[in-house]
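Enquirer:
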Amino acid sequence: MATVLVSEFMDGSALAFLENRLSVDYAPNLFDDQQTLMQRISAVDALIVRNRTPVTRELLNHAGQLKVIGRLGVGLDNIDLDAAKQANIQVLPATGANAVAVAEYVMSALLHLRRPMTSGF
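Next up, the structure:
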């Protein structure tokens with residue numbers, strides 16, 4: 032069974048989904064401890080991060096069997112893409128996952144600009 036290391040907060044339902052299918056090492060504050068992260072990454076097949084875990088070349092050098100990095104959210108600034116490519120590690124961003132939330136925000140902002148919520152009460 033594949034092992035996944037999750038180094039930052041993940042929604043409970045998403046975490047349960049993974050736990051029903053894979054071996055999950057959930058450590059939501061691991062991004063603060065690079066030394067421990069380097070030790071634990073050596074035995075996992077996948078790493079799931081948000082924006083606070085720096086996925087550096089040094090970290091990837093400790094990732095003996097890592098095959099994939101999943102990025103919850105948008106932007107890949109915290110992941111060394113060149114190092115991942117050289118190590119044949121696939122990087123999968125959650126592109127478009129927040130599209131509905133962004134559209135809802137934009138529409139509510141437009142409505143607020145048209146008529147501020149605090150006026151008219």
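Take the sequence shown: its position 108, counting from 1, is numbered 139 in my numbering, and each next residue is one higher. For glycine and all other residues, C-beta sits at the position ideal for the given N, C-alpha and C.
Return the chain-ordered list of same chain residues with a C-beta closer than 6 Å to the C-beta of Ala-130, the five sequence neighbours on each side being excluded.
Expert: The sequence position of residue 130 within the sequence shown is 99, counting from 1. Same-chain partners within the cutoff: there are none.
Enquirer: Could you round the C-beta distance between Ala-128 and Gly-101 to whole angstroms and report it? I think they count as a contact, below 8 Å.
Expert: Here residue 128 refers to the residue found at position 97 of the sequence shown. Here residue 101 refers to the residue found at position 70 of the sequence shown. That pair is no contact at about 11 Å.
Enquirer: Taking the DSSP output, what are the residues bridged to Pro-124?
Expert: As a working note, residue 124 is residue 93 in the sequence shown. DSSP, once it has assigned bridges, lists Arg-102 as partnering Pro-124.
Enquirer: Drop a sphere of 10 angstroms on the beta-carbon of Val-37, count the other beta-carbons inside from all chains shown, and report buried for 16 or more, exposed for fewer.
Expert: Indexing the sequence shown from 1 puts residue 37 at position 6. Counting Cβ neighbours within 10 Å, Val-37 comes out buried, since at least 16 surround it.
Enquirer: Can you tell me whether DSSP reads Ser-54 as helix, strand or coil?
Expert: Here residue 54 refers to the residue found at position 23 when the sequence shown is read from its first residue. Of the three classes helix, strand and coil, the one that applies to Ser-54 here is strand, per DSSP.
Enquirer: If we ignore side chains and look at the alpha-carbon of each, how far apart do Leu-112 and His-143 end up?
Expert: Residue numbering aside, residue 112 sits at position 81 when the sequence shown is read from its first letter. Residue numbering aside, residue 143 sits at position 112 when the sequence shown is read from its first letter. So the two alpha carbons sit approximately 40 Å from each other.
Enquirer: Answer yes if the region 76-90 comes into contact with the region 104-111, meaning at least three C-beta pairs across the two stretches below 8 Å, and no otherwise.
Expert: Contact between the region 104-111 and the region 76-90 is present, because at least three Cβ pairs lie under 8 Å.
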